[in-house]
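Asks: Below you will find the structure I want to go over with you.
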Amino acid sequence: MSNQYIIGNFGNHSLALLQWVINQKNNNTIFLTVDTGFAASGWSLRVNNISTYAKLHGITVISLKSKITFTDLVLERKQFPSTKFQWCAGFLKGIALNEYLAEVDPFCESTLL
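Heads up, the sequence shown is in this note's numbering, so the first residue is 1 and it goes up one at a time.
Now the structure itself:
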């Protein structure tokens, strides 16, 4: 049986999806997230609380690390992302997620939620 992944950032949407998965009693789910090095000062407490909650319900939490931090990427590109130029998620999260999934699921058999 292949895994299913919640790809989330611990925001309200990914928390709602996590709760839905828990309610479905699906025990082959992995909560996959990417640490970009850019978060509000109190965010780590939320991440820890939600991670603990997920683990209590049998869900594995895997935190990947972005290859470059948000700050370094802004400095490298000499611009801040905007609604017109939304480049940060692709570079910071997309690359890390794609590399991880290519390694653990080379035949693309998993379900991404």
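C-beta atoms are modelled at their ideal positions from N, C-alpha and C, and glycine is treated no differently. These numbers were taken from a predicted model, which means no experiment stands behind them.
For the region 60-109, which segments carrying the beta strand (DSSP E) assignment without a break, of at least 3 residues, lie completely within its bounds, in sequence order?
Replies: List check, beta strand (DSSP E) in window: 60-65.
Asks: Any idea which residues DSSP pairs Leu32 with across the strands?
Replies: Ile7, Ile62.
Asks: What is the DSSP secondary structure of Leu17, counted as helix, strand or coil?
Replies: Helix.
Asks: Nearest to Lys93 by CA position, among Gly8, Asn3, Gln4, Ala16, is which residue?
Replies: For Lys93, the nearest C-alpha among the options comes from Gly8.
Asks: How far does the alpha helix (DSSP H) with Ser44 in it extend, from its first residue to its last?
Replies: Ser44 -> alpha helix (DSSP H) spans 43-56.
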